[in-house]
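A.B. asks: Quick one: the structure is below, questions incoming.
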Amino acid sequence: MEGKVSLIVDGAVDYKGNPADRSKTGGWVPAALILGIEICERLSTMGIAVNLVTYLGGTMHLSSSTSANVVTDFMGTSFLLCLLGGFLADSFLGRFRTIVIFSSIQTLGTAVLALSTKLPQLRPPQCHSPENCKEANGFQMGILYLALYLIAVGTGGLKSSVSGFGTDQFDEKNEEEKTQMAYFFNRFFFFISLGTLMAVTVLVYIQDEVGRSWAYGICSVSMFTAIIVILYGTKRYRYKKSVGSPIVQIFQVIVASIKKRKMDLPYDSGLLYDNTPEGSRIHHTDQFCCLDKAAIVAESDFEKNASSSSRNPWKLCTVTRVEEVKMMVRLLPVWATTILFWTTYAQMITFSVEQAATMRRSVGGFQIPAGSLTVFFVAAILLTCAFYDCLIIPLWKKWKGTPGFTALQRIGIGLALSALGMAAASVGEVKRLSVVGKHTTSTTEPLPISVFILIPQFFLVGSGEAFIYTGQLDFFITRSPKGMKTMSTGLFLTTLSLGFFMSSFLVSVIKKVTGNNGGDGWLADNINDGRLDCFYGLVAVMSGINFAIYLVCAAWCKDVKGKSSTPIEMEKC
């Protein structure tokens, strides 16, 4: 009987709603099915994003800066909608249903995109000269936007739940499964990178050499196949019960603390209200004590009826609920200082691809598609992940007794590498522009300079992403309350969203400010007429300043962790 009880996974149920049996549910097999749909999502989203800027400029005849902003707005919206997906998963649908529903929406979006690139009525006529180029009209752009933002909605809902649903398959209270979950984060990112690698090589080649409609059709079919596969594992998954919307719970604490802002806190924190079961209780901390007022008991906090009285959660919150909100607040400094990394990332799939399109890309008799240059970016990610898994983790475990760098250390390394990457990008662009000044032949011919001078910027930012993505994922999932993990994943993914939107904002501002005197400015319609090196240099300086601010925030977070007096706080920072 005791052995049978030990097989029950605490807090998880099977597909019938019964307590999950450890021997029949969870583990690496269902986690692998979940990783499969993440590969297909990356194949679709990145296969579209990395080469979209060439389609917008070459086929839809948009300017360089406008094309870049369309891509970054699309990517920014995709990740911003992760908050919506997280809210629906936590409040109503659960993670599994959210994944299936939003994957279906993404499948529909890629199908519409395939159709829009196939029909000649949905794109402007070809240019016969630079002076006779007609931009896509409102209807043509409207269909394109419909497809892109259906994909964005699907991506947002899917990404908010897929990593959390993957970690649900491992029990943190079981030592063996806890170790497996630690490796899941790196495996998760490795599979993301594998999907991206397929996107920037095979899919981009098909787009350029066979046809975009074929490539986007493959995306749609692969997503549909992934949905069938993940449904196949329904009986093997562990499901976590929905505990209600964390957004509502956070607002309840804020509203209750504002209502009681004039009340004095009791001398003994033990007098604050908390009816949470002892096993799930989070002990009181002194930080952000203004929120503690939400747990002060007042006579009007209970609503009486004929037989009993019940607590009004908008007037009185438990200490545990208040501490959960404090845990989310502690994530915000690190959250804010990681946004700029994704602004540098945005340059790798926009302006760097435009740079590549102007340069010599032949190897032997093979012409490398401009969008496929991001293969060096993905290769850097995969090599960094392999190096970290095979060398850093074992060495660090022997030396420090811990499996690799902490989440904060990984994030810091990623930010530093991104700043170096943008500095390298600025130097590379200076070299490219020096060739532009000497090159007097047709602008349609590639410049006599190898595209491989762009490798350092791709490699440095790619390695930085390998560190920062796994570090952020680890930090936001492990240091958030159990009931708010999907929301914390959404919070992490909003750093990507805001980074892309910041790129769009920065491009618009720089174009306006530097082009005021009638010149082309830093970001000209044709990048050969601009000063992209100055733009890259500005982003490098901003990244350096941001890294310094991050170090202060990380030191504060470590200090908070060190001052914690209970086991729960030691773990949750």
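Sequence positions in the sequence shown follow the numbering used here and run 12 to 584. Glycine included, each C-beta is placed from N, C-alpha and C at the ideal position. Just so we're clear, the structure is a prediction, and the values are computed from it rather than from any experiment.
At what residue ranges does the region 350-394 contain a whole run of the alpha helix (DSSP H), taking only runs of 4 or more?
C.D. replies: List check, alpha helix (DSSP H) in window: 350-359, 362-368.
A.B. asks: Which runs of the beta strand (DSSP E) fall wholly inside the region 12-51 and span at least 3 residues, in chain order?
C.D. replies: Qualifying beta strand (DSSP E) stretches, in chain order: 19-24, 30-32.
A.B. asks: At the level of alpha carbons, what is the spacing between residue 553 and residue 368?
C.D. replies: Counted from its first residue, the sequence shown places residue 553 at position 542. Counted from its first residue, the sequence shown places residue 368 at position 357. So the alpha carbons of these two residues sit roughly 27 Å apart.
A.B. asks: Run through DSSP, which three-state label would residue 547 get?
C.D. replies: If you number the sequence shown from 1, residue 547 lands on position 536. Note: residue 547 maps to helix in three-state DSSP.
A.B. asks: Of the choices 288, 152, 291, 50, whose alpha-carbon is the least far from that of residue 206?
C.D. replies: Within the sequence shown, the letter at position 195 stands for residue 206. Here the closest residue by C-alpha is 50.
A.B. asks: Grab the span of the beta strand (DSSP E) containing residue 314 for me, first residue to last.
C.D. replies: Taking the first residue of the sequence shown as position 1, residue 314 is located at position 303. Start and end: 313-315.
A.B. asks: Does the structure place the region 18-37 close enough to the region 172-184 that three or more beta carbon pairs sit under 8 Å?
C.D. replies: In short, these stretches touch, since the Cβ pair count reaches three.
A.B. asks: Could you work out which residue in 431, 388, 166, 225 is closest to residue 508 when comparing CA atoms only?
C.D. replies: The count along the sequence shown starts at 1 and reaches residue 508 at position 497. Selected option, being the one with the closest Cα: 166.
A.B. asks: Roughly how far, in whole angstroms, is the beta-carbon of residue 383 from the beta-carbon of residue 211, given that I think they are within contact range, below 8 Å?
C.D. replies: Reading the sequence shown from its first residue, position 372 is the one you call residue 383. Reading the sequence shown from its first residue, position 200 is the one you call residue 211. Right, the Cβ-Cβ distance comes to about 6 Å (below 8 Å), so this counts as a contact.
A.B. asks: Give me the residue from 469, 440, 481, 472 with the minimum Cα distance to residue 458.
C.D. replies: Walking along the sequence shown from the start, residue 458 turns up at place 447. It is 440.
A.B. asks: Considering only C-alpha positions, which residue in the set 560, 299, 244 is nearest to residue 43?
C.D. replies: Within the sequence shown, the letter at position 32 stands for residue 43. Of the candidates 560, 299, 244, the one whose C-alpha sits nearest the C-alpha of residue 43 is 244.
A.B. asks: Indicate whether residue 172 and residue 109 have their beta-carbon atoms separated by less than 8 Å.
C.D. replies: Translated into positions along the sequence shown, residue 172 becomes position 161. Translated into positions along the sequence shown, residue 109 becomes position 98. Going by C-beta atoms, residue 172 is nearer than 8 Å to residue 109.
A.B. asks: Can you give me the start and stop residues for the alpha helix (DSSP H) that residue 11 sits inside?
C.D. replies: Outside the modelled stretch of the chain, which goes from 12 to 584, sits residue 11, for which no answer is possible.
A.B. asks: Classify residue 250 as helix, strand or coil using the three-state DSSP reduction.
C.D. replies: To locate residue 250, count along the sequence shown from 1; it is residue 239. If DSSP states are grouped into helix, strand and coil, residue 250 belongs with the strands.
A.B. asks: Apart from the five residues on each side of it in sequence, which residues of its chain come closer than 6 Å, Cβ to Cβ, to residue 48?
C.D. replies: Sequence index remark: in the sequence shown, residue 48 carries index 37 (1-based). If we look at residue 48 and ignore the five residues flanking it on each side, its Cβ neighbours are 237, 241.
A.B. asks: To which residues of the same chain is residue 525 closer than 6 Å at the C-beta, ignoring the five residues directly before and after it?
C.D. replies: Within the sequence shown, numbered from 1, the residue matching residue 525 stands at position 514. Same-chain partners within the cutoff: 532, 533.
A.B. asks: Return yes when the Cβ of residue 302 is within less than 8 Å of the Cβ of residue 333, no when it is not.
C.D. replies: On the sequence shown, position 322 is the one that residue 333 refers to. On the sequence shown, position 291 is the one that residue 302 refers to. Yes, Cβ-Cβ distance for residue 333 and residue 302 is below 8 Å.
A.B. asks: If you draw a straight line from the C-alpha of residue 498 to the C-alpha of residue 91, how long is it?
C.D. replies: On the sequence shown, position 487 is the one that residue 498 refers to. On the sequence shown, position 80 is the one that residue 91 refers to. Going from the Cα of residue 498 to the Cα of residue 91 covers about 12 Å.
A.B. asks: Can you tell me whether DSSP reads residue 307 as helix, strand or coil?
C.D. replies: Walking along the sequence shown from the start, residue 307 turns up at place 296. Three-state result, residue 307: coil.
A.B. asks: Any idea if residue 401 is buried or exposed, counting beta-carbon neighbours within 10 angstroms, 16 or more meaning buried?
C.D. replies: As a position in the sequence shown, residue 401 is number 390, starting the count at 1. Residue 401 comes out exposed.
A.B. asks: Whole angstroms is fine: what's the gap from residue 558's alpha carbon to residue 484's?
C.D. replies: Sequence index remark: in the sequence shown, residue 558 carries index 547 (1-based). Sequence index remark: in the sequence shown, residue 484 carries index 473 (1-based). Cα-Cα distance, rounded: 19 Å.
A.B. asks: Within this structure, are the beta carbons of residue 169 and residue 85 separated by less than 8 Å?
C.D. replies: Position 158 of the sequence shown, counted from the start, is the residue given in the question as residue 169. Position 74 of the sequence shown, counted from the start, is the residue given in the question as residue 85. No, the Cβ-Cβ distance between residue 169 and residue 85 is not below 8 Å.
A.B. asks: Going by DSSP in three states, residue 322 sits in which element: helix, strand or coil?
C.D. replies: Residue mapping note: residue 322 aligns to position 311 of the sequence shown, counting from 1. In this structure, residue 322 counts as strand in the three-state DSSP scheme.
A.B. asks: Alpha carbon to alpha carbon, what distance is there between residue 264 and residue 105?
C.D. replies: To locate residue 105, count along the sequence shown from 1; it is residue 94. To locate residue 264, count along the sequence shown from 1; it is residue 253. Cα to Cα, residue 105 sits roughly 23 Å from residue 264.
A.B. asks: Under 8 Å: do the region 433-448 and the region 387-394 share three or more Cβ pairs, one atom per stretch?
C.D. replies: With the cut-off at 8 Å, the region 433-448 and the region 387-394 do not touch.
A.B. asks: So, for residue 510: in the same chain, excluding its five sequence neighbours on each side, which residues have a beta-carbon less than 6 Å away from its beta-carbon?
C.D. replies: As a first step, residue 510 is located in the sequence shown; it is residue number 499 there, counting from the start. So the list reads 350, 353, 354, once near-sequence residues are dropped.
A.B. asks: Quick one: using the 10 Å Cβ neighbour count with 16 as the cut-off for buried, is residue 239 buried or exposed?
C.D. replies: The sequence position of residue 239 within the sequence shown is 228, counting from 1. So residue 239 ends up on the exposed side.
A.B. asks: Residue 461 lies in the beta strand (DSSP E); which residues open and close that run?
C.D. replies: Here the question's residue 461 lines up with position 450 in the sequence shown. Residues 458-461.
A.B. asks: DSSP three-state label for residue 410, please.
C.D. replies: Residue numbering aside, residue 410 sits at position 399 when the sequence shown is read from its first letter. Three-state result, residue 410: helix.
A.B. asks: Under a three-way DSSP split, which group does residue 9 fall into?
C.D. replies: Outside the shown range of the chain, which is 12 to 584, sits residue 9, and nothing can be said about it.
A.B. asks: Exposed or buried, residue 370, counting other C-beta atoms within 10 Å across all chains shown (16 or more means buried)?
C.D. replies: For this step, residue 370 is matched to residue 359 along the sequence shown. Under this definition residue 370 is a buried residue.
A.B. asks: Tell me, please, whether the region 424-438 touches the region 466-483 by the rule of three or more beta-carbon pairs shorter than 8 Å.
C.D. replies: Yes, since at least three Cβ pairs between the region 424-438 and the region 466-483 fall closer than 8 Å, the two stretches touch.
A.B. asks: Residue 58: which of 94, 126, 227, 77 sits nearest, CA to CA?
C.D. replies: In the sequence shown, residue 58 corresponds to position 47, counting from 1. Looking at the Cα atoms, 227 is the closest of the given residues.
A.B. asks: So, under 8 Å CB-CB, residue 404 and residue 414 are touching, yes? Tell me the CB distance rounded to an integer number of Å.
C.D. replies: Here residue 404 refers to the residue found at position 393 when the sequence shown is read from its first residue. Here residue 414 refers to the residue found at position 403 when the sequence shown is read from its first residue. About 5 Å separates the two Cβ atoms, so the contact holds.
A.B. asks: Any idea if residue 98 is buried or exposed, counting beta-carbon neighbours within 10 angstroms, 16 or more meaning buried?
C.D. replies: On the sequence shown, residue 98 is found 87 positions in, with the first residue counted as 1. Counting Cβ neighbours within 10 Å, residue 98 comes out buried, since at least 16 surround it.
A.B. asks: The alpha helix (DSSP H) spanning residue 225 covers which residue range?
C.D. replies: Within the sequence shown, residue 225 is the residue found at index 214, counting from 1. Start and end: 223-243.
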